[in-house]
Amino acid sequence: MSQPSWLIPRRTLLRGAVAALGLPLLECMRPLAASEPASAGKPPVRTLMLYFANGVPPDAWFPKKSGSQFDLPQCLAPLAPIRDEVLVFKGLKNPGVGSHENAHGYFTCLKSKPTTGADIAGGGVSMDQVMAKAVGQDTPLPSIEIGTEPPPFGDQKGYSAQYFHYMSWASPTEPMAREINPRALFERMFGAKDAQGRPLPSRPAADDRSLIDLALGEAKSLRPKLGTRDANKLDEYLEALRGVERRVEFSSRPDTRTWRPRTKPELVPPPLDPKTYGERLQLMLDLAVLALQTDTTRVITLLMTNEASDRSYSGLVPGLTVFGHHTCSHSEPKGYAAITTWQVAQFVKVCQKMRAIDEGGSSLLDNSMVTLGTAMLDGRSHNADHTPMLMAGRAGGTIAPGRYLPYPQGTTLSSLYLGMLRRMGVPAKSFAGATDELPALSGGDPPQEKPKEKPPESIKPSEPAKPGAKAAEPATPAAAKPPVTGKKP
Numbered sequence: 101m102s103q104p105s106w107l108i109p110r111r112t113l114l115r116g117a118v119a120a121l122g123l124p125l126l127e128c129m130r131p132l133a134a135s136e137p138a139s140a141g142k143p144p145v146r147t148l149m150l151y152f153a154n155g156v157p158p159d160a161w162f163p164k165k166s167g168s169q170f171d172l173p174q175c176l177a178p179l180a181p182i183r184d185e186v187l188v189f190k191g192l193k194n195p196g197v198g199s200h201e202n203a204h205g206y207f208t209c210l211k212s213k214p215t216t217g218a219d220i221a222g223g224g225v226s227m228d229q230v231m232a233k234a235v236g237q238d239t240p241l242p243s244i245e246i247g248t249e250p251p252p253f254g255d256q257k258g259y260s261a262q263y264f265h266y267m268s269w270a271s272p273t274e275p276m277a278r279e280i281n282p283r284a285l286f287e288r289m290f291g292a293k294d295a296q297g298r299p300l301p302s303r304p305a306a307d308d309r310s311l312i313d314l315a316l317g318e319a320k321s322l323r324p325k326l327g328t329r330d331a332n333k334l335d336e337y338l339e340a341l342r343g344v345e346r347r348v349e350f351s352s353r354p355d356t357r358t359w360r361p362r363t364k365p366e367l368v369p370p371p372l373d374p375k376t377y378g379e380r381l382q383l384m385l386d387l388a389v390l391a392l393q394t395d396t397t398r399v400i401t402l403l404m405t406n407e408a409s410d411r412s413y414s415g416l417v418p419g420l421t422v423f424g425h426h427t428c429s430h431s432e433p434k435g436y437a438a439i440t441t442w443q444v445a446q447f448v449k450v451c452q453k454m455r456a457i458d459e460g461g462s463s464l465l466d467n468s469m470v471t472l473g474t475a476m477l478d479g480r481s482h483n484a485d486h487t488p489m490l491m492a493g494r495a496g497g498t499i500a501p502g503r504y505l506p507y508p509q510g511t512t513l514s515s516l517y518l519g520m521l522r523r524m525g526v527p528a529k530s531f532a533g534a535t536d537e538l539p540a541l542s543g544g545d546p547p548q549e550k551p552k553e554k555p556p557e558s559i560k561p562s563e564p565a566k567p568g569a570k571a572a573e574p575a576t577p578a579a580a581k582p583p584v585t586g587k588k589p
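Next comes the structure, spelled out in structure tokens:
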């Protein structure tokens with residue numbers, strides 16, 4: 101059965117001379133023919149993983165009541181508006197992490213090669229890059245890696261400082277560089293693209309024309325094809341995008357309060373002022389949401405700070421007497437808890453934005469997995485027995501949020517990652533030693549005893565199947581719904 105002539109492809113771009121704006125999911129993009137497969141019109145599942153440094157104060161983090169009636173300790177108090185959208189985990193151990201210098205193993209669950217030279221090796225492919233290799237061909241950008249601080253200098257305990265900044269690994273020896281400049285990230289997402297939707301080289305920094313204005317002509321030609329709701333959604337999207345573009349442009353301007361040598365905007369380093377950091381982080385988070393909303397990518401990792409960062413939160417977090425984050429984690433418990441609470445609040449803002457974005461009867465948050473976590477349990481003792489982790493979203497209906505899930509100590513974090521891989525449509529049989537995904541993600545209670553895991557035979561996670569290959573049957577609980585693949589018909 102042929103599609104109605106007024107339907108437009110999901111990959112439609114608003115093109116200008118140096119701009120190519122992806123569109124949010126519109127009703128005129130969804131297949132309406134009765135013969136279409138049930139999953140054909142479903143939005144894809146997307147993953148956004150936020151990382152913060154220096155662990156958490158355990159007494160102010162973990163609830164005392166499990167299940168759906170869980171309480172909200174100090175650090176989790178900001179979760180109140182999205183309580184029913186979140187899973188709180190306890191008991192997940194990451195054998196790849198033991199202290200600050202091992203935080204690079206947060207997404208690999210594997211230990212690295214100790215070195216202070218250029219021969220860094222992260223142990224294996226990180227779970228976000230396993231996702232990207234499997235579903236990245238469906239989007240203009242396979243994945244996006246975002247940071248807020250430049251790479252650190254100085255080695256620690258026999259480990260290169262690069263291990264504090266790199267957490268995404270395309271191979272055991274190939275880390276993925278993070279984009280820390282909002283302008284460069286905006287250009288990468290919305291700049292000109294080739295016929296396949298891949299980004300073209302960035303335009304010159306001197307070209308300060310608005311990308312949105314350059315693509316408005318294409319938007320006007322599209323408007324007659326849209327119904328009222330789609331037209332309103334397009335207007336809201338373009339207005340939000342214009343607001344982000346203004347903030348990006350402002351963030352790239354050097355501080356004019358004192359004279360400084362003229363510097364190209366893309367070379368301006370991230371300011372260290374705490375207030376500016378808060379604005380920059382919010383801008384990067386908003387860009388991440390836009391990238392998911394427009395299906396520019398389906399896989400994003402974002403480091404709120406580098407590991408072991410001693411960034412000041414003066415002016416951002418009230419009542420601090422010690423301002424550096426790492427310093428607070430060792431010497432000022434009240435300040436440590438207050439900074440952690442602020443970080444959870446940023447996670448909540450992202451989730452609320454995603455919940456407000458409609459995707460035809462479900463929200464962007466419903467169709468995503470959004471995590472917030474840190475490598476260590478307690479930044480004071482560097483304990484890594486429990487990996488603090490929050491997850492929001494429903495992954496297209498395959499996750500049941502709104503619960504606190506305490507697992508037996510020693511349950512592997514890699515089993516959670518395996519479950520996330522499968523919900524992204526990756527037919528992975530194992531990941532970093534885990535062969536069974538974390539139970540109870542789709543409902544029910546966690547097991548009371550630690551599940552038996554096979555020791556990893558190799559430091560490398562399993563490679564995803566080639567595009568088009570038949571997925572292996574996922575070992576999910578009986579009550580679990582089949583994962584949404586995110587594949588296009």
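Quick note: the sequence shown uses this note's numbering, first residue 101, plus one each step.
Think of the CB as a built atom: it goes at the ideal place given N, C-alpha and C, for glycine as much as any other residue.
Quick caveat, the model's predicted, so the values are computed rather than measured.
Legend entry - Inter-residue spacing [alpha-carbon to alpha-carbon] between S105 and R278: Reliability of the predicted coordinates at S105 is poor, the pLDDT of 46 falling under 50, and no value is obtained from them.
Inset, instruction - Tell me, please, whether the segment 417 to 434 touches the segment 459 to 475 by the rule of three or more beta-carbon pairs shorter than 8 Å. - result: By the Cβ rule, the segment 417 to 434 does not count as touching the segment 459 to 475, because fewer than three pairs are nearer than 8 Å.
Inset, instruction - Identify the continuous alpha helix (DSSP H) that holds K233 and give its terminal residues. - result: Its alpha helix (DSSP H) spans residues M227 to V235.
Legend entry - Three-pair Cβ contact test at 8 Å for the segment 234 to 252 versus the segment 152 to 164: Counting Cβ pairs under 8 Å, fewer than three are found: no touch.
Inset, instruction - Quick one: which unbroken alpha helix (DSSP H) runs of 4-plus residues sit fully inside the segment 412 to 492? Chain order, please. - result: Counting only runs of 4 or more, we get 425 to 431 and 433 to 455.
Inset, instruction - Please confirm if the segment 394 to 407 is in contact with the segment 219 to 238, defined as three or more CB-CB distances below 8 Å between the two stretches. - result: The answer is yes - the segment 219 to 238 touches the segment 394 to 407, with three or more Cβ pairs under 8 Å.
Inset, instruction - Assign L505 to one of three DSSP states: helix, strand, or coil. - result: In the displayed model, L505 falls within a strand according to three-state DSSP.
Inset, instruction - Measure the C-alpha to C-alpha separation of D386 and E127 and round it to an integer number of angstroms. - result: D386 and E127: Cα-Cα distance of roughly 23 Å.
Inset, instruction - Let me know if K529 comes out buried or exposed under the rule of 16 or more other beta-carbons within 10 Å of its beta-carbon. - result: Classification of K529: exposed, given that the 10 Å Cβ count is below 16.
Inset, instruction - For R323, count neighbouring Cβ atoms within 10 angstroms of its own Cβ and tell me buried if that reaches 16, exposed if not. - result: By the 10 Å Cβ count, R323 comes out exposed.
Legend entry - DSSP-derived helix/strand/coil call for Y70: Because residue 70 is not part of the residues shown, which for the chain are 101 to 589, the question remains open.
Legend entry - For F189, the residue or residues it bridges with in DSSP: Answer is M489 and L505.
Inset, instruction - Please state whether DSSP places M129 in a helix, a strand or coil. - result: Here M129 carries a helix assignment [DSSP, helix/strand/coil].
Inset, instruction - Work out the CA separation of G247 and Y377 for me, nearest whole Å. - result: Their Cα atoms are separated by approximately 11 Å.
Inset, instruction - Could you check if D171 is buried or exposed, using at least 16 other CB atoms within 10 Å of its CB as the buried criterion? - result: Per the 10 Å Cβ criterion, exposed.
Inset, instruction - Assuming T421 contacts E432 (C-beta within less than 8 Å), just tell me the rounded distance between them. - result: Between T421 and E432 the beta-carbon gap is near 7 Å, inside 8 Å, which marks them as a contact.
Inset, instruction - Compare the beta carbon distance of M469 and T147 with 8 Å and say whether it is the shorter of the two. - result: Contact check for M469 against T147 passes: the beta carbons are separated by less than 8 Å.
Inset, instruction - Apply the 10 Å Cβ neighbour rule to S135 and answer buried if 16 or more other Cβ atoms are within range, or exposed otherwise. - result: With a pLDDT of only 36 at S135, under the threshold of 50, the placement of this residue in the model should not be trusted; the figure read from the coordinates follows. When all chains shown are included, S135 counts as exposed.
Legend entry - Euclidean distance between Cα positions of P173 and A484: Between P173 and A484, the C-alpha separation is close to 20 Å.
Inset, instruction - Report the rounded CA-to-CA distance for Q382 versus Q446, giving the unit in angstroms. - result: Cα to Cα, Q382 sits roughly 8 Å from Q446.
Inset, instruction - Please work out which residues of its chain come closer than 6 Å, Cβ to Cβ, to D335, disregarding the five sequence neighbours upstream and downstream, and give them in chain order. - result: Correct list: empty, nothing qualifies.
Legend entry - Member of K434, F207 and T328 whose CA lies at the smallest distance from the CA of L597: Beyond the ends of the chain as shown, which are 101 and 589, falls residue 597; an answer cannot be given.
Inset, instruction - Within 10 angstroms of the Cβ of D238, are there 16 or more other Cβ atoms? Answer buried if so, exposed if not. - result: Its Cβ being crowded by 16 or more others within 10 Å, D238 is buried.
Legend entry - Neighbour-count burial assignment, S409, 16 or more Cβ in a 10 Å radius: Its Cβ being crowded by 16 or more others within 10 Å, S409 is buried.
Inset, instruction - Give the DSSP-derived three-state secondary structure of Y266 in the structure shown. - result: In the structure shown, Y266 sits in coil (DSSP, three-state: anything other than H, G, I, E or B).
Inset, instruction - Could you tell me whether the Cβ atoms of L505 and L285 are closer together than 8 Å? - result: No, the Cβ-Cβ distance between L505 and L285 is not below 8 Å.
Legend entry - Residues that DSSP places opposite I312 in a beta bridge: As DSSP reads the structure, I312 sits in no beta bridge.
Inset, instruction - Within its chain, find whatever has a CB closer than 7 Å to the CB of G419; leave out the 5 residues flanking it on each side and keep chain order. - result: Within the same chain, G419 has close Cβ partners A438.
Inset, instruction - Check whether the Cβ atoms of P282 and V444 lie closer than 8 Å to each other. - result: Taking 8 Å as the Cβ cut-off, P282 and V444 do not qualify as a contacting pair.
Legend entry - Paired residues, beta bridge with A534 - DSSP: Beta-bridge partners assigned by DSSP to A534: F531.
Legend entry - Residue burial classification, Q393 (beta-carbon count within 10 angstroms, cutoff 16): Burial call: buried.
Legend entry - 8 Å Cβ cutoff met for D545 and S515: No, they are not a contact pair.
Legend entry - Whole-angstrom C-beta distance between L121 and L341, which should lie under 8 Å: Rounded, the Cβ-Cβ distance is 7 Å, consistent with contact.
Legend entry - Endpoints, alpha helix (DSSP H) assigned at L513: According to the DSSP assignment, L513 belongs to the alpha helix (DSSP H) that extends over L513 to R523.
Inset, instruction - Give the straight-line distance between the Cα atoms of F264 and L490, rounded to the nearest whole angstrom. - result: Going by the C-alpha atoms only, they are around 22 Å apart.
Legend entry - H486 beta carbon less than 8 Å from that of G205: Against a cut-off of 8 Å, the Cβ pair of H486 and G205 comes out as no contact.
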